[in-house]
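Encoded as structure tokens, the structure appears first; notes follow it.
In the numbering used here, the protein residues as written are 62 to 508.
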């Protein structure tokens with residue numbers, strides 16, 4: 062038993078180290094949904110009801126579906142394309158220097174690798190421990206210093222590393238509950254154009270920890286029906302860092318801090334068996350992005366941090382996000398399961414607050430995937446998932462007339478559009494051992 066625990070901890074540490082070396086990329090808002098290869102293959106339909114150990118990211122109670130000890134490690138490659146074109150730009154229209162800023166941009170999205178790891182251990186017939194390590198939020202965008210939207214978009218990144226230990230209890234064959242804690246580390250980098258000729262930028266960077274919790278329950282009213290609901294709490298990330306300014310630019314360089322109010326999330330999933338081979342999958346997710354509001358950059362004494370005479374603010378002002386998914390699994394034989402799914406995601410970023418730095422919009426997901434269990438290796442499963450995300454054509458209007466809160470008279474107008482799509486490929490390996498069903502309690506039934 063001690064050797065099994067050591068194996069899980071060593072594997073978890075290895076994947077966590079990989080996460081620290083990996084890039085990140087955008088999803089809806091700047092959340093990353095790509096936490097499960099099995100879920101990826103069905104557009105995450107039904108993921109809160111189980112199906113793979115990685116479903117514990119959405120609903121920690123699903124670990125009670127896996128007897129013995131189970132380990133899962135996965136990695137996702139994200140390949141975004143975001144092509145920018147403009148119709149109006151103060152920089153591009155400026156005398157003399159305007160020629161430097163008249164370019165469109167072929168792709169601002171950075172490719173990314175997002176790893177994840179999960180482990181569970183059944184301590185008794187009714188009690189489980191679990192652990193997940195993943196990256197629930199991320200952003201990676203790259204821009205040339207001089208382009209038409211340079212005033213509102215320079216290179217930026219957000220990286221998070223989240224560890225969540227979990228405890229779950231199975232009351233009986235139809236009800237399980239679970240709770241866990243979240244310990245999340247975040248790094249941010251943000252560039253801002255502060256001089257047009259020569260082109261110069263301010264740089265803001267920092268890091269910090271935030272804490273939250275997870276809750277979940279699964280209900281199995283019939284042998285072929287699993288229903289799950291999971292909750293990931295909001296996290297207020299306290300970021301401490303530094304702002305650097307070019308020598309000729311006035312302001313308050315040095316130590317700065319801010320708070321990012323990250324969203325909470327509720328996910329509901331259904332897995333409904335139909336016949337011997339087919340399982341219908343359905344899911345719904347709500348993300349409370351409206352709580353992010355405006356983040357203010359502050360000096361250590363609590364006064365606003367300044368570039369020139371202006372306070373540095375990040376007026377995200379997002380709405381809540383919604384995700385609706387439908388899919389299915391077909392068991393070809395005991396070794397091979399095929400799956401597919403489709404989803405609609407309502408972006409939390411509206412036309413009224415969008416910038417080219419994060420050109421998110423409503424999107425459709427189209428996914429296929431498979432799981433394979435080699436007959437020669439009992440307990441081993443390989444998962445593969447692919448999604449194509451078609452993002453609605455995205456207008457951007459940052460001008461005095463638009464009311465966009467990012468507009469600054471000092472930076473001028475930028476009006477344009479973005480054409481985006483994303484390819485996502487996920488692979489994972491699961492291994493389950495000591496998986497013989499543990500004896501269950503028996504209850505005396507009397508009349």
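Quick reminder that beta carbons are idealized off the backbone N, C-alpha and C, glycines included.
Note that the structure is predicted; figures quoted are calculated from it, not measured.
Using only alpha-carbon positions, find the residue among the options that is nearest to residue i.
{"i": "residue 252", "options": "352, 277, 205 and 287", "result": "205"}
{"i": "residue 178", "options": "226, 481, 207 and 203", "result": "226"}
{"i": "residue 159", "options": "397, 432, 335 and 207", "result": "207"}
{"i": "residue 491", "options": "378, 260 and 134", "result": "134"}
{"i": "residue 414", "options": "368, 165, 196 and 351", "result": "351"}
{"i": "residue 343", "options": "239, 235, 422 and 286", "result": "286"}
{"i": "residue 112", "options": "495, 369 and 432", "result": "432"}
{"i": "residue 91", "options": "162, 270, 143 and 197", "result": "197"}
{"i": "residue 202", "options": "193, 214 and 154", "result": "214"}
{"i": "residue 264", "options": "317, 327 and 379", "result": "317"}
{"i": "residue 469", "options": "386, 152, 169 and 109", "result": "152"}
{"i": "residue 456", "options": "258, 162 and 144", "result": "144"}
{"i": "residue 170", "options": "187, 366 and 140", "result": "140"}
{"i": "residue 288", "options": "301, 303, 329 and 260", "result": "329"}
{"i": "residue 355", "options": "188, 374, 138 and 368", "result": "374"}
{"i": "residue 258", "options": "235, 327 and 156", "result": "156"}
{"i": "residue 209", "options": "331, 187 and 478", "result": "478"}
{"i": "residue 296", "options": "154, 323 and 372", "result": "323"}
From the DSSP output, which residues share a beta bridge with residue i?
{"i": "residue 250", "result": "218 and 266"}
{"i": "residue 375", "result": "356"}
{"i": "residue 326", "result": "293 and 348"}
{"i": "residue 130", "result": "182 and 494"}
{"i": "residue 238", "result": "230 and 278"}
{"i": "residue 390", "result": "340 and 400"}
{"i": "residue 430", "result": "400 and 446"}
{"i": "residue 304", "result": "265 and 315"}
{"i": "residue 331", "result": "288 and 343"}
{"i": "residue 424", "result": "406 and 452"}
{"i": "residue 271", "result": "245"}
{"i": "residue 475", "result": "150 and 459"}
{"i": "residue 385", "result": "345 and 405"}
{"i": "residue 172", "result": "Residue 172 pairs with nothing; no bridge assigned."}
{"i": "residue 140", "result": "484"}
{"i": "residue 368", "result": "312 and 371"}
{"i": "residue 113", "result": "BP columns for residue 113 are empty, so no partner."}
By how many angstroms is the C-alpha of residue j removed from the C-alpha of residue i?
{"i": "residue 361", "j": "residue 459", "result": "31 Å"}
{"i": "residue 122", "j": "residue 200", "result": "29 Å"}
{"i": "residue 493", "j": "residue 465", "result": "52 Å"}
{"i": "residue 412", "j": "residue 321", "result": "21 Å"}
{"i": "residue 389", "j": "residue 149", "result": "46 Å"}
{"i": "residue 422", "j": "residue 231", "result": "40 Å"}
{"i": "residue 405", "j": "residue 94", "result": "13 Å"}
{"i": "residue 299", "j": "residue 395", "result": "49 Å"}
{"i": "residue 124", "j": "residue 333", "result": "18 Å"}
{"i": "residue 400", "j": "residue 486", "result": "14 Å"}
{"i": "residue 488", "j": "residue 98", "result": "5 Å"}
{"i": "residue 461", "j": "residue 262", "result": "23 Å"}
{"i": "residue 496", "j": "residue 439", "result": "10 Å"}
{"i": "residue 119", "j": "residue 273", "result": "14 Å"}
{"i": "residue 410", "j": "residue 435", "result": "44 Å"}
{"i": "residue 307", "j": "residue 164", "result": "25 Å"}
{"i": "residue 335", "j": "residue 341", "result": "7 Å"}
{"i": "residue 467", "j": "residue 402", "result": "37 Å"}
{"i": "residue 353", "j": "residue 338", "result": "44 Å"}
{"i": "residue 302", "j": "residue 481", "result": "32 Å"}
{"i": "residue 116", "j": "residue 109", "result": "6 Å"}
{"i": "residue 137", "j": "residue 269", "result": "25 Å"}
{"i": "residue 408", "j": "residue 377", "result": "13 Å"}
{"i": "residue 281", "j": "residue 107", "result": "13 Å"}
{"i": "residue 211", "j": "residue 187", "result": "57 Å"}
{"i": "residue 74", "j": "residue 383", "result": "The predicted position of residue 74 is uncertain, since its pLDDT is 36 and thus under 50; no value can be drawn from it."}
Where does the unbroken alpha helix (DSSP H) through residue i begin, and where does it stop?
{"i": "residue 99", "result": "98-101"}
Which first and last residues belong to the beta strand (DSSP E) in which residue i is found?
{"i": "residue 451", "result": "441-452"}
{"i": "residue 195", "result": "188-195"}
{"i": "residue 285", "result": "From DSSP, residue 285 is part of no beta strand (DSSP E); its letter is neither H nor E."}
{"i": "residue 536", "result": "Here the chain comprises residues numbered 62 to 508, so residue 536 is not present and cannot be evaluated."}
{"i": "residue 458", "result": "455-459"}
{"i": "residue 202", "result": "199-202"}
Would you please verify whether the beta carbon of residue i is less than 9 Å from any beta carbon of chain D?
{"i": "residue 428", "result": "Structure shown: chain D not included; a single protein chain is present."}
Counting pairs of beta carbons, one from the region 414-433 and one from the region 444-464, are three or more of them closer than 8 Å?
With the rule of 3 Cβ pairs closer than 8 Å, the region 414-433 counts as touching the region 444-464.
So, do the region 337-352 and the region 122-130 have three or more beta carbon pairs nearer to each other than 8 Å?
Cβ pair count under 8 Å is below three, so no.
Under 8 Å, with one C-beta from each stretch per pair, do the region 245-260 and the region 203-222 reach the 3-pair mark?
Cβ pair count under 8 Å is three or more, so yes.
Stretch pair the region 182-189 + the region 92-102: three plus CB contacts closer than 8 Å:
Not touching, per the Cβ criterion.
Segment contact flag, the region 410-426 with the region 434-446, C-beta cutoff 8 Å, min 3 pairs:
Contact fails: fewer than three Cβ-Cβ distances are below 8 Å.
Counting Cβ pairs closer than 8 Å, one from the region 275-286 and one from the region 232-243, do we hit at least three?
Look at the beta carbons and you see the region 275-286 touching the region 232-243: at least three pairs across the two are nearer than 8 Å.
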